[in-house]
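Chain order of the listed sequences is A and B.
All residue numbers for the first sequence refer to this note's numbering, where the first residue is 2 and numbers rise by one.
All residue numbers for the second sequence refer to this note's numbering, where the first residue is 7 and numbers rise by one.
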Amino acid sequence: MASNPNTYKNQPDERGHFGDYGGRYVAETLMPLVLDLEREYRAAQADPEFKAQFDDLLEHYVGRPSPLYFAERLTEALGGAQVWFKRDELNHTGAHKINNCIGQILLAIRMGKTRIIAETGAGQHGVATATVCARFGLPCVIYMGAEDVRRQSPNVFRMKLLGAEVVPVTSGRGTLKDAMNEGLRDWVANVHDTFYIIGTAAGPHPYPELVRDFQSVIGKEARQQMQDRIGRLPDLLVAAIGGGSNALGLFHPFLDDPDVKMLGVEAAGHGLDGDEHAASLLGGFPGVLHGNKTYLLQDEDGQITEGHSISAGLDYPGIGPEHAWLKDTGRVEYTAITDEEALEAFQLLCRTEGIIPALEPSHAIAAVAKRAKEMPKDSVILANLCGRGDKDIFTVAERLGVEMSS
Amino acid sequence: MTRLINAFSKSHPALVCFVTAGDGDTAANLDALVDGGADVIELGMPFTDPMADGPAIQNANLRSLGAGTTTADVLRIATEFRQRHPDVPLVLMGYANPMIRRGPDWFANAAKEAGVDGVICVDIPPEEDDALGPDLRAAGIAPIRLATPTTDAKRLPQVLEGSDGFLYYVSVAGITGKQQAAQTSIEDAVAKLKAAADLPIAVGFGVRTPEQAGAIAKVADGVVVGSALVELVGEHGVDAPEKLRELTASLAKAVHSAAKGAA
């Protein structure tokens, strides 16, 4: 296992490796493209105009900074640590995904690309991508597993309203990983004009780094807001993890604050003891998929297995490579929450705070509920409320045995 | 490795034929390819997420995995092939994860014991060579790299460094079995590769007919055919060997009669 470094913020190395993880495991056809992207990203990072445009769009289009909110009644109900939320569900399009899409579409425009593609699971990243494409007038193709198209029809309709073409993917088992395969197949066949907006901090270098950087606005704001409101940093950060972009966005600016502990929450589905979960870090093994080396759900022959979670956004057999590294170094602790626990937390937040959370952050809230009770009343937990729950009400109704007519 | 060198030292260009391991009666399929005149056999290792492949080979992967094919099965198929055909070069083609799951040293040694001559790993570019390349070389197995229409002159030396056996030119920017490249673009590309590489050049992706194969064989050292063969396995199942033999024979006739390009 990796030894403890002096700083946790100097990853990845120049080859895109986070310790043993990450890298650029792509077909030769794509290799020159990811090298181009890296070159352009370095140029953008050094360009004050790029940052100014990014910040301006985040403020006036996305609605940042998102509020930092003290959840008084939830805190009371739990009877332990103070619980605070970073309210990224109040962003335009209702989740953190848009932060990354704004950054990537600005890169695409810089590179002169004229066509955008993306993959989506539950549809949140697809909607965010379709949104920025409409905003900048670029054609957009979204790959979505046929099974997810069926389950998430409101988001499919949103994407179409925004002018995107939604392609149902029937190869494989028709879920998020198959949509990502199809996105890569499109990219490899349209290398000259197409930019692939990857939705999480995974994929070939430099995607894990640039997605993290674009999402780090969450943690930078939260760090400042905490100082302003309570004059100190929180004791514990908590965030849900599918691919891991909202968690990295919150965690990264705090990585070198030794007194701030961090907890990443994976989806335990029906439980980690069976196969029906999506916990790549706790129940997987390192391997190579979709351009990077990371923890994967896989069998003894290296065949990828399907994850399960009540939350379609967490239902992916891999995880961003930086999380793999943060796990091995011990800087971040990882746990998992079952479907049942997430459903309870979903309802708890609705009733105590008047906030309907998405099922993804409901996993984080369930973990918060467990930890808060064990912590003193003067300690502070900050959790990322990374998405709102409108999209999930049908799933929740079904699980609670409520029939809804449309 | 000697077997690969011999295959590309014949008086005619080489026909390289691909089928997926565990799809149909693989032993009989491989025998049919050899019978039909294939000079090099590429055996596909099935993977759940074959992201560089078009529908034909994707489906072959799913059929194979659906039938329960394991890595041990693939190695057994290779071992038995080697026993039946001591002189025909055998190349494994697939994706990184199944190859490195038990460690790259384990895989390289197992492939060596099975009599494998070369390995093509789609998603290990030169930048990630450490993940498998050193172990293959130590086992005397050729790491066969891919060059593509996006591999420019500046990048080509990096691709050639550490590659062996032959250089596989992917003639279209895309996935297997879909489009076919214009003959003139193939000729230009092969000429550039030959000027830079000491290795034989085999051209694949989108090659389906004897006419195409024959035209490519006039300029390249080898021609790779995959999806067209794999489709026959999908269509005819256990009855595929005779169909494979027929198509391979017509491809071999076209490739072998082409005047070998000046190397």
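By construction, the Cβ of each residue, glycine as well, lies at the ideal position given by its N, Cα and C atoms.
Using the beta-carbon of each residue, which ones in chain A are nearer than 8 angstroms to residue i?
i: D129 of chain B; result: Y26, V27, A28, V289, G292
i: D245 of chain B; result: Those do not exist, as D245 of chain B stays about 26 angstroms from chain A at its closest Cβ, beyond 8 angstroms.
i: P104 of chain B; result: D302, G303, Q304
i: E133 of chain B; result: R16, G24, R25, M32
Measure the CB-CB distance between residue i and residue j and report whether it falls below 8 angstroms.
i: A359 of chain A; j: E90 of chain A; result: yes
i: R40 of chain A; j: M32 of chain A; result: no
i: K328 of chain A; j: L282 of chain A; result: yes
i: A268 of chain A; j: S310 of chain A; result: yes
i: M51 of chain B; j: A27 of chain B; result: yes
i: A180 of chain A; j: G321 of chain A; result: no
i: V22 of chain B; j: D41 of chain B; result: no
i: L166 of chain B; j: A203 of chain B; result: yes
i: A201 of chain B; j: D227 of chain B; result: no
i: A165 of chain A; j: A131 of chain A; result: yes
i: Q304 of chain A; j: P92 of chain B; result: no
i: Y101 of chain B; j: V125 of chain B; result: no
Counting only beta-carbon separations shorter than 8 angstroms, does residue i have a partner in chain A?
i: T8 of chain B; result: no
i: I64 of chain B; result: The question names Ile, but residue 64 of chain B in the sequence shown is Gln. Taking Cβ atoms only, chain A reaches closer than 8 angstroms to Q64 of chain B, which makes this a yes.
i: A269 of chain B; result: Legend: pLDDT at A269 of chain B = 41, less than 50; position of this residue unreliable, no value from coordinates given.
i: T3 of chain B; result: Residue 3 of chain B is absent from the model: chain B starts at 7 and stops at 269.
i: G180 of chain B; result: yes
i: M99 of chain B; result: no
i: E167 of chain B; result: no
i: T76 of chain B; result: yes
i: L71 of chain B; result: yes
i: E86 of chain B; result: no
i: V176 of chain B; result: yes
i: F14 of chain B; result: no
i: T215 of chain B; result: no
Give a yes or no on whether the minimum CB-CB distance between residue i and chain B is below 8 angstroms.
i: V150 of chain A; result: no
i: M145 of chain A; result: no
i: V192 of chain A; result: yes
i: N11 of chain A; result: no
i: D21 of chain A; result: no
i: N385 of chain A; result: no
i: K178 of chain A; result: yes
Does DSSP put residue i in a helix, a strand or coil?
i: L59 of chain A; result: helix
i: N35 of chain B; result: helix
i: R389 of chain A; result: strand
i: V218 of chain A; result: helix
i: K114 of chain A; result: coil
i: I305 of chain A; result: strand
i: A269 of chain B; result: Confidence is the limiting factor: at A269 of chain B the pLDDT is only 41, short of 50, which leaves the residue's position unreliable, though a coordinate-based value still follows. Here A269 of chain B sits in coil by DSSP.
i: M376 of chain A; result: coil
i: A119 of chain A; result: strand
i: V213 of chain B; result: coil
i: M145 of chain A; result: strand
i: G240 of chain B; result: helix
i: V176 of chain B; result: strand
i: P13 of chain A; result: coil
i: Y296 of chain A; result: strand
i: E39 of chain A; result: helix
Which chain B residues sit within Cβ distance under 8 angstroms of residue i?
i: D14 of chain A; result: Simply none; closest approach about 12 angstroms.
i: P33 of chain A; result: T156, T157, D158, R161
i: Q299 of chain A; result: N103, R107
i: S172 of chain A; result: P61, Q64
May I ask which residues mark the beginning and end of the beta strand (DSSP E) holding residue i?
i: G50 of chain B; result: 46-50
i: K66 of chain A; result: The question names Lys, yet the displayed sequence has Pro at residue 66 of chain A. It is not in any beta strand (DSSP E) - P66 of chain A carries neither H nor E in the DSSP assignment.
i: K262 of chain A; result: 262-270
i: K87 of chain A; result: 83-87
How is the alpha helix (DSSP H) around residue i delimited, first residue to last?
i: A109 of chain A; result: 98-111
i: G210 of chain B; result: Unbroken run through G210 of chain B is the beta strand (DSSP E), 207-210; no alpha helix (DSSP H).
i: R251 of chain B; result: 246-263
i: T353 of chain A; result: 340-354
i: I147 of chain B; result: Note, I147 of chain B: premise wrong, no alpha helix (DSSP H); not H, not E.
i: T157 of chain B; result: That residue, T157 of chain B, is in no alpha helix (DSSP H); it is neither H nor E in DSSP.
Output, in chain order, the set of chain B residues within a Cβ distance shorter than 9 angstroms of residue i.
i: L211 of chain A; result: Correct list: empty, because the minimum Cβ distance to chain B is about 18 angstroms.
Using a Cβ cut-off of 7 angstroms, pull out every chain B residue sitting near residue i, in sequence order please.
i: L185 of chain A; result: M57
i: N92 of chain A; result: Here the premise fails: no neighbours, minimum Cβ distance about 31 angstroms.
i: N156 of chain A; result: Going along chain B, no residue has its Cβ under 7 angstroms from N156 of chain A, so there is no contact; the nearest lies around 24 angstroms.
Could you name the residues of chain A that residue i contacts, counting a contact when the two beta carbons are closer than 9 angstroms?
i: A153 of chain B; result: E29
Quick one: is the Cβ of residue i within less than 7 angstroms of any heavy atom of the ligand MG?
i: Y42 of chain A; result: You won't find the ligand MG in this model; it holds no ligand whatsoever.
In chain A, which residues lie with their C-beta within 7 angstroms of the C-beta of residue i?
i: F24 of chain B; result: Under the 7 angstroms cutoff, chain A gives no residues; its nearest Cβ is about 16 angstroms from F24 of chain B.
i: F172 of chain B; result: Simply none; closest approach about 15 angstroms.
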